[in-house]
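*Asks:* Those sequence lines, one after another, are chains P and E.
First residue of the first sequence? That's -7 in the numbering used here, and the numbers climb one at a time after it.
First residue of the second sequence? That's 33 in the numbering used here, and the numbers climb one at a time after it.
Glycine included, every Cβ here is placed at the ideal spot set by N, Cα and C.
Given the structure is predicted, the values throughout are model-derived calculations rather than measurements.
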Amino acid sequence: AAGVIQSPRHLIKEKRETATLKCYPIPRHDTVYWYQQGPGQDPQFLISFYEKMQSDKGSIPDRFSAQQFSDYHSELNMSSLELGDSALYFCASSLGSLDSYNEQFFGPGTRLTVL
Amino acid sequence: QKEVEQNSGPLSVPEGAIASLNCTYSDRGSQSFFWYRQYSGKSPELIMSIYSNGDKEDGRFTAQLNKASQYVSLLIRDSQPSDSATYLCAEGFQKLVFGTGTRLLVSP
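#1: Please report the distance separating the alpha-carbon of K142/E from that of N54/E.
#2: By how many angstroms is the C-alpha of Q36/P removed from the C-alpha of Q126/E?
#3: Let me make sure I understand the geometry here. Which of G91/E, P42/E and Y103/E has the alpha-carbon closest to that of N85/E?
#4: Does the segment 119 to 138 of chain E come within contact of the segment 24 to 34 of chain P, defined as at least 3 CB pairs closer than 8 Å?
#5: Going by the DSSP bridge assignment, what does Q70/E pair with across the sheet?
#6: Give a yes or no on whether 7 Å exceeds the smallest Cβ distance from D63/P to chain E.
#7: Buried or exposed: where does E123/E fall if 16 or more other Cβ atoms within 10 Å of its Cβ makes it buried?
#8: State yes or no: is the beta carbon of D48/P nearer than 7 Å to at least one beta carbon in chain E?
#9: Assuming R135/E is part of the beta strand (DSSP E), what are its boundary residues?
#10: Among K14/P, D22/P and K49/P, whose alpha-carbon lies nearest the alpha-carbon of L3/P?
#11: Taking CB distances under 7 Å as the criterion, tell me whether Q126/E reaches chain P.
#12: Hey, does S62/E have any beta-carbon neighbour from chain P nearer than 7 Å?
#13: Nearest-angstrom Cα distance between V24/P and D110/E?
#14: Label A11/P either buried or exposed according to how many other C-beta atoms from any shown protein chain fall within 10 Å of its C-beta, with 16 as the threshold for buried.
#15: What does G133/E touch in chain P if you count any residue whose Cβ is under 7 Å from its own?
#16: Listed in chain order, which residues of the segment 72 to 85 of chain P have Cβ atoms closer than 7 Å to some Cβ of chain E?
#17: Check each candidate in P0/P, R20/P, Y64/P and V(-4)/P and name the one with the smallest Cα separation from R103/P.
#18: Note down, in chain order, every chain E residue with its Cβ under 8 Å from the Cβ of S40/P.
#19: Taking the straight line between their C-alpha atoms, what separation do you get for Q63/E and S51/P?
#20: Are F97/P and P76/E close, meaning C-beta to C-beta below 7 Å?
#21: Cβ closer than 8 Å: which chain P residues qualify as neighbours of F93/E?
#22: Note down, in chain order, all residues in the segment 73 to 84 of chain E with a beta-carbon under 9 Å from any beta-carbon belonging to chain P.
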């Protein structure tokens, strides 16, 4: 079965640079979620989109922005990168409406290293 | 206080034994709960979801939910060395709130 696709899988950036992470949800899934997982920590919710509209927002820095496109893929844009942004970034997708319980399936993640 | 609490472990069990993983949550209004397995450096993999009080079984896995006591548990029967991983408990209607995870070690 098709899974969530994320690219790139690894990314190395310098401080103050920008990065763009991409997520392609499971076919027919309409909701995308972004999570950040630091070393030894649990995943922290950043932001989510349902039918191309932002549906919820968590602890996402103002330096980050995201959107979901007409083909349902999503991009997380990160600017003015800081050392503390080094983490695993996961995208998850689900099928469902805003008023239903949605099982989320995670992609393989992008490992971002900021030097 | 973290919204979802788990014992970080490690929980060590011999191969073939039952592993019991527990999770408590603070929000009485929480309705949906999930167990994920995560190998080191890999992404969380959904094992079970549970929304109603009682037990839900899927193969070697059984999830239990007790809303009155605000706890969720995961039982793994016939534990295998390949089950050695971190098990994350999560709750959420849309965004997921995770516990810190319990590391399970299954020894041959």
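*Replies:* Taking the geometry as given:
#1: Given a span of 33 to 140 for chain E in the structure shown, any question on residue 142/E remains unanswerable.
#2: Rounded to whole angstroms, the separation of the alpha carbons of Q36/P and Q126/E is 13 Å.
#3: Out of G91/E, P42/E and Y103/E, Y103/E has the C-alpha closest to the C-alpha of N85/E.
#4: yes
#5: T118/E
#6: no
#7: buried
#8: yes
#9: T134 to S139
#10: K14/P
#11: yes
#12: no
#13: 35 Å
#14: buried
#15: The contacting residues are D34.
#16: F82
#17: It is P0/P whose Cα lies nearest to the Cα of R103/P.
#18: Q126 and K127
#19: C-alpha separation (whole angstroms): 22 Å.
#20: no
#21: Going along chain P, no residue has its Cβ under 8 Å from F93/E, so there is no contact; the nearest lies around 15 Å.
#22: G73, K74, S75, P76, E77, L78, S81 and Y83
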